[in-house]
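Same order as they appear, the protein sequences are chains A and B.
In terms of the numbering used here, the first sequence has 95 at position 45, counting the first letter as 1, and numbering is strictly consecutive.
In terms of the numbering used here, the second sequence has 746 at position 227, counting the first letter as 1, and numbering is strictly consecutive.
The C-beta atom is built at its ideal place from N, Cα and C for all residues, glycine as well.
Written out below as structure tokens is the structure these notes cover.
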Amino acid sequence: MLLIRCPWCGPRDEVEFHYGGQAHVAYPEDAEALSDEEWADFLFMRDNPLGPFRERWYHVHGCRRWFNAVRDTSTHRFVATYRMDEEPPA
Amino acid sequence: MSRRVDAGGSWIDRSKPLTFRFDGEEYEGFEGDTLASALLANGIIAGFTSPLLDRPRGVMTAGPEEPNAFVEISEPWFDAIVAATMVELVDGLVADPRAGVGRLPDAGEMPSVDAAHRHVHVETLVVGGGLAGRRAAAAAAKRGDRVMLVDERHRIDRPPDGVTVLPRTTALGVYDDGYVVAHERSATLERLWHVRATRVVLATGAQERFVAFAGNDRPGVMLASAAATYVERFGVLPGHRVAIFTTNDSGLESADAVRAGGADIVHTIGVGEDPSAAIEGVDLLLVSGGWNPNLTLWRSMGGGLRYSRRLATYRPDNVGPPWLEVVGSADGDGLPGSQAHWLEPADDYSEHFVDLQRDQTVADIAQALDAGLVSVEHVKRATYIGTAIDQGRTSGVLAAAIVNQLLGTGPDAQGPSGARPPTVPISYATIAGPDRGDLLDPIRRTRIHPWHEEQDAVFEDVGQWKRPRYFPRDGEDMDPAVARECLAIRNDAGVLDASTLGKIDVVGPDAAAFLDRMYTNRMSTLPVGSIRYGFMLGLDGMVADDGVAMRLGDDHFLVTTTTGNAAMVLDRFEEWLQTEWPGLRVYCTSVTEQWTDVAVAGPKAREVIAAVGTDIDLAAETFPFMTFRDGEMAGMPVRVARVSFTGELSYEILVDGRRGLELWKAVMSAGAPSGITAYGTEAMHVLRAEKGFVIVGQDTDGTVTPDDLGMGWIVRKDDSDFIGRRSLRRADALRDDRKQLVGLLPNELLPEGAQLVEEDTGPIPMPMFGHVTSSYASRTLDRPIALAMVERGRSRHGETLYAPLPGGTITAEIVPPVFYDPDGTRRDG
């Protein structure tokens, strides 16, 4: 079971969290202006890299706050976690 | 004949004899024995049989790698199947041999297990209480670490100070970030340990390897180190006239230990001489084919292996996670070099056993290879080698080596097949621990629950809630009870405990703007004091939940959700507020349990509310449908909402949760002259279906748009955005052959889920045009009704569909989904 460092609560067991998919996929400014293809791209298409991946987590059974993380998908190792209002680490 | 000798016996206390039963006979052993050592001490050499071939088998090892000596324990605890080498002897133990397959007992037969779960955090967890493990634990304790040391045997010699030492505790699995689950078992307790460790040290030791030769499974063939263990720890001599077959020096040391116990070593056999020839002349044949580091846990965490020519086996490669390390003989340290000798050449390999617990031989491997398999993993799945309870502890490396040899590749071409947790079988009861029965999942009860129980309500589970399904009177079954409840609401008045509806308090300067984005209809134009019914869609445009919003103030709403979706909706609010619109000043709070909701419905609802006594003006003109009023009722502050899920005049009374039962009783008592009837969820479902009101999650399934439900009116047409809006213009959402909500008038009651076809007979498979989502016997209409999702349903009113079912075909006419009072004349009473 992963040990995930919530930016507010510190390291906690994975069971306290929900996974939230890829991070930094912003809701479109003007969804109506998008073509079907552009909307489908936003709605359905996500990256699936081998290696570092920026993703969202929700500390649902804790402080109930969303945050972002960089996790290595090949090792499950968390490179960093950071608040929603912080820039991703370089 | 006792095989107990005066030599050795460091683990047993000869002053403390114990009595136990095995296979129906009574025997004696000593405190400190394992069941296996006590059986050997009593001369039981062939007490077991093999699972497939029915061959006699005996104890072959002294540890968890045992492939033969499996037992069921029935007293003083229950274990369906466990190796006798791992059972600590206790007085009164009752065991019976099991041929590799456990038995699931009847519920009454199995003693209840009060398995506790313990959660601990340590800096260092050491798995294995041998010399290397104890050293690692002592060094960590000296550094100031909190240290836990677990070992699966019932005894840990010379435990280090300052360390939590857990004998009888098997590490079942090692998981990410130093998470280890371990199982502790003794006669008096069973515990599952959840350990989070900064650092995990695997001191899991090494196991002696077997060699494939003819008759290597016969009773009296034993791993050399096991025989030495039986002498040294238990004072048991497993045989008197002994031969030793070894590929390495440790075999000779083991033979010396057995000789010290009083045995004659009559043959010493090395590589090049067939040991099977020696079996007839001895009562114990010791085998040592070298040593394999025990790396099950290492490998389950992705740890790598590399072949060592000196050891003729695999050692850990340095590619595991940084918090995991392997020490001692598990790392190959101190193990004797060995010749790479796997099988004795022969013409017939059908009695050269590789996996004794699966009764699989070299001939079986050869057959798999002849069939064209070349991978060890495929051979494993073809032969089942390594898949038994022992998970290939004695057979894994051996099977891989034999595959390599038979294929003519190098000895390191393929390593052993993978391993995964749990390392030993444990019961589901242990995994569940205390999370059983009432503790399986939280049970939520409303404040009115005690009244429901007094009335002998029949409850149903809705999410975690217990809701009354119906209130049987005088031994009624469900159907008459529900019919009576339905008629009471249509003709007089009924009352429902609606407290389980999810309630979310939404407050803040941007609350209205936020709800506009979350719901398909506009909440910002709702006047204070009014209520609006709304749909919430997923980003994909499909209906996700419904509920009403009450506007309490310019910046304050109370939103309701379906009972089962309350947490989902609150989570969704939080997700959008935190991740997309952190600039919106909105705060959401779950207030589901802070309010009790008493819903009074029926033509006499106004009469009932007036009788309860309130300062709220109840006239339809001043208190119209879809508004709410704050006031007092029966001396309590209340908020009364005019919403209706039955189609009848209806008042939902919200009161401080703690006073809910008081209000309910006041309503029941004041409503008695009007014939007020408590009703449950079943009558509620029938009444709402008569009105064509959908239940999200029953009539919808995540593929349904508002338009599919004939509720396009709920989607606002201005140019402001809301979640899911853009998806409603996707080509798929605009298909003209989508399934649409319809009513069905069937000739008999349809089962929910029934598929609908166009012909009453025809070749199978028939094209399916829809399915039944809700179906009830309507007492109001005195006929069965149903709701269904049907392809192009709205344009097919009047047509007939068929539901072919095992008991015959049901015929149904398609009609509009509102069966009762389509003009809504009854909602104002």
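Since residue i sits in a beta bridge, which residues does DSSP pair it with?
i, result
"histidine 126 of chain A", "The partner list for histidine 126 of chain A (beta bridge, DSSP) is empty, contrary to what the question assumes."
"alanine 725 of chain B", "B/Pro812"
"threonine 1319 of chain B", "B/Glu1332"
"histidine 640 of chain B", "B/Arg715"
"glutamine 1259 of chain B", "B/Val1309"
"serine 1169 of chain B", "B/Ala1120"
"arginine 1158 of chain B", "B/Asp1149, B/Leu1173"
Go ahead and pull the three-state DSSP assignment for residue i.
i, result
"proline 1192 of chain B", "helix"
"glutamine 858 of chain B", "coil"
"glutamate 1204 of chain B", "Correcting the residue type first, residue 1204 of chain B is histidine in the shown sequence and not glutamate. Histidine 1204 of chain B: helix per DSSP, three-state reduction."
"arginine 522 of chain B", "coil"
"valine 1131 of chain B", "helix"
"asparagine 118 of chain A", "strand"
"alanine 690 of chain B", "strand"
"cysteine 56 of chain A", "strand"
"threonine 604 of chain B", "helix"
"tryptophan 984 of chain B", "strand"
"cysteine 1107 of chain B", "strand"
"glutamine 72 of chain A", "strand"
"threonine 1098 of chain B", "helix"
"lysine 1236 of chain B", "coil"
"methionine 1187 of chain B", "helix"
"asparagine 767 of chain B", "strand"
"glutamine 1217 of chain B", "coil"
"phenylalanine 1212 of chain B", "coil"
"leucine 572 of chain B", "coil"
"leucine 926 of chain B", "helix"
"methionine 1061 of chain B", "coil"
I believe residue i touches residue j by the beta-carbon criterion, under 8 Å. Please report the beta-carbon distance rounded to the nearest angstrom.
i, j, result
"leucine 559 of chain B", "proline 757 of chain B", "5 Å"
"leucine 830 of chain B", "serine 857 of chain B", "6 Å"
"threonine 1351 of chain B", "tryptophan 984 of chain B", "This structure gives no information on residue 1351 of chain B, because the portion of chain B shown stretches from 520 to 1348."
"leucine 805 of chain B", "glycine 770 of chain B", "7 Å"
"aspartate 1011 of chain B", "serine 1163 of chain B", "That belief does not hold up - the Cβ atoms of aspartate 1011 of chain B and serine 1163 of chain B are roughly 16 Å apart, past 8 Å."
"glycine 1154 of chain B", "isoleucine 1135 of chain B", "About 14 Å separates the two Cβ atoms, so there is no contact after all."
"proline 1303 of chain B", "serine 1294 of chain B", "7 Å"
"threonine 538 of chain B", "glutamate 547 of chain B", "6 Å"
"arginine 939 of chain B", "threonine 906 of chain B", "That belief does not hold up - the Cβ atoms of arginine 939 of chain B and threonine 906 of chain B are roughly 11 Å apart, past 8 Å."
"alanine 659 of chain B", "glutamate 642 of chain B", "7 Å"
Who are the Cβ neighbours of residue i in its own chain at under 6 Å, not counting the five residues just before and after it?
i, result
"alanine 1085 of chain B", "Gly1021, Thr1111"
"threonine 683 of chain B", "Met667"
"serine 1297 of chain B", "Glu1209, Ile1304"
"glycine 1211 of chain B", "Pro1336, Val1337"
"serine 593 of chain B", "Val613"
Count the other CB atoms, across all protein chains shown, that sit within 10 Å of the CB of residue i; report buried if there are 16 or more and exposed otherwise.
i, result
"methionine 95 of chain A", "exposed"
"methionine 1055 of chain B", "buried"
"valine 1062 of chain B", "buried"
"glutamate 703 of chain B", "buried"
"tyrosine 69 of chain A", "exposed"
"leucine 708 of chain B", "exposed"
"asparagine 152 of chain A", "Past the boundaries of the shown model lies residue 152 of chain A; chain A is included only from 51 to 140, so the question cannot be answered."
"histidine 1204 of chain B", "buried"
"tryptophan 1095 of chain B", "buried"
"alanine 140 of chain A", "exposed"
"isoleucine 531 of chain B", "buried"
"proline 969 of chain B", "exposed"
"valine 693 of chain B", "buried"
"tryptophan 58 of chain A", "exposed"
"proline 987 of chain B", "buried"
"methionine 848 of chain B", "The sequence shown places serine at residue 848 of chain B, not methionine. Buried is the call here."
"threonine 765 of chain B", "buried"
"histidine 1316 of chain B", "exposed"
"arginine 104 of chain A", "buried"
If I measure Cβ to Cβ from residue i and keep anything under 7 Å in the same chain, skipping five residues before and after, which residues do I get?
i, result
"arginine 617 of chain B", "Phe589, Val590, Glu591, Ile600"
"aspartate 1347 of chain B", "Ala1139, Phe1144, Leu1168"
"isoleucine 962 of chain B", "Gln983, Lys985"
"alanine 1030 of chain B", "Asp1074, His1075, Phe1076, Val1105"
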